[in-house]
Amino acid sequence: MNSSAEQEVVQKRKPGITALDEGTPAAAKDFTLRRMLDSPIEPYRSLFALGAVHAFVGAMVWVLYSVQWISNPIRVHPLMMSGGFLLNFATGFLWTAFPRFTQSALARVRDLLPLLACSMGALVAEVLMSERWALMCFLLMMVWTDVFAVQRFRARGQNPPDSFLFVAAALALGTASLLTLVLAQWIELPFVMYVFARIFFLKGLILLLVLGVGFRLLPAFLGMRQAHKIQLVTEVNGQQHFKAQTLLVTTEHVMILLSVVAGFVCESEMLTRIGSVLIGAALWWSGFRVFHIHRMPERKDRFSLMIWFSILALMLTPALVLAFPEQSVHLWHLAFIGGFGLMTIMVSIRVSVSHSGVAQAQEEEKRSYLPWMGACIIVAALTRISVSWWPQTQTSHYVYASMLWITMLAMWFWNVLRYSVVAEKRKWKMF
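In our numbering, the protein residues as written are 459 to 889.
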């Protein structure tokens, strides 16, 4: 019989490491690998970097097309930007923020590796102009994100904000849309189903994620004194009670969600004006009630101003489409570039700075480049939508907008990513 001390040593020993192996270089290496794979990680760093690479490739294809080096990338370009750029940034933010919103376990290295493999696989498929395999990789990214979210929600220490209703809807409908698009590569599906799936993946997925996270964070970014934050339950003497205003706020969120989804359904049925009214109603209601877009940001800094401009761009898009429905494809780029793009880049800067351990004074110093990045994005958006009125210069406008976007990405890489890399290197010194 072993003594109690010997039994304790056996119980603490790593699986697969015997008593003879313990203390050997191989055992130490195995222990270090296990420790590294099980260690928590900040997913935004690697996913933001991959998203920026996707964004560069998505813009560069128009430059290559203008010199006739590649065929027309009109089919894969939307996938590169919505699936490659926006989806990577969105998943990077969700994987970083969701455990904190739910007080659950942070993402581990072993959790993140499949997601990174799918993202890199999608990048290769984009370079090869393979729509089928890019969609397959995006679907796997969505499924793995769904699994991660469900696991963290089940092990939650607290409920997420009530606006995460939009996040749940985005993940469910986004996965269903991508599954439809993947199946359509092999089997014939009803045309309306396919069109809705494509429209929702390209537009609705990120829009619902913006609403879900934005209701919680953007008011604070704008400096509003009272963020739009409602707790679902409150505890009194150890018992949980629903607040009286919960039903009203939840109903409001459900109505906004239904209006957005119904708008994209109408678009898939070629009812562009009706769809614009429904989507516009949801965005304008949110803009005035939640974000107070009719006022300038209370926080007078460059970051808040850029966030304000991005919300305004999202609100203006359905109004312009309502006025010029035949140009909806071009006009939606105001939302893609000036809305989603500008907001994504600005929020990624805030996340990268706040998690890098940079002092407040250094943070303010770094923000001097924000107006230049914002100007590149806004001018790129205006250049892109101007194709609606000057179709004869379509390709050149694509190139101009792409070059402005690439310039912005170069500034983003130089001023933001290097801080994340330094912070990551500092963390891995323990190994």
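Ideal placement from N, C-alpha and C gives every residue a C-beta, glycine not left out.
- Contact between the segment 655-669 and the segment 636-644 is present, with at least three C-beta pairs closer than 8 angstroms.
- Counting only runs that start and end inside the segment 796-871, the alpha helix (DSSP H) elements of at least 4 residues fall at 800-813, 818-824, 828-843, 852-870.
- Trp527: not part of any alpha helix (DSSP H); DSSP gives it neither H nor E.
- Taken in chain order, no unbroken stretch of beta strand (DSSP E) lies wholly in the segment 729-802 with a span of 3 residues or more.
- DSSP places Glu584 inside the alpha helix (DSSP H), whose first and last residues are 567-585.
- Contact between Ser846 and Phe782 holds, with the beta-carbon distance rounding to 7 angstroms and staying under 8 angstroms.
- Between Pro648 and Phe559, the C-beta spacing is not below 8 angstroms.
- Arg614 and Gln561 have their C-alpha atoms spaced approximately 6 angstroms apart.
- Using a C-beta cut-off of 8 angstroms, the segment 575-594 makes no contact with the segment 660-679, since fewer than three inter-stretch Cβ pairs fall below that distance.
- The C-alpha of Thr775 lies about 8 angstroms from the C-alpha of Gly738.
- Taking every protein chain shown into account, the CB of Thr851 has fewer than 16 other CB atoms within 10 angstroms, so this residue is exposed.
- Just so you know, the alpha carbons of Val601 and Phe547 end up roughly 16 angstroms apart.
- For the pair Val640 and Met594, the CB atoms are nearer than the 8 angstroms cut-off.
- In summary, His752 is exposed, with fewer than 16 beta-carbon neighbours lying within 10 Å of its beta-carbon over all protein chains present.
- Under DSSP, Pro619 takes part in no beta bridge, so it has no partner.
- For Trp553, the enclosing alpha helix (DSSP H) stretches over residues 545-560.
- Nearest neighbour of Ala517 by Cα position, chosen from Val805, Gly799, Asn873, Pro849, turns out to be Gly799.
- The beta carbon of Gly721 sits closer than 6 angstroms to the beta carbons of Gly733, Leu736, Ile737 from its chain, once the five residues preceding and following it are set aside; these are given in chain order.
- DSSP places Gln609 in the uninterrupted alpha helix (DSSP H) bounded by 589-612.
- Residue pairing of Pro498 in beta bridges, as defined by DSSP: Arg566.
- Counting along the chain, Ile664 sits inside the alpha helix (DSSP H) bounded by residues 663-679.
- Straight-line spacing of the CA atoms in Phe556 and Leu629 works out to 13 angstroms.
- Following the DSSP letters along the chain, one finds Met539 in no alpha helix (DSSP H), marked with neither H nor E.
- Shortest Cα-Cα distance from Leu772 to any of Asn530, Leu729, Ile836 involves Ile836.
- For Leu741 and Arg492, the gap between their C-alpha atoms comes out near 47 angstroms.
- Of the other Cβ atoms in all chains shown, 16 or more fall within 10 Å of the Cβ of Ala580; this residue is therefore buried.
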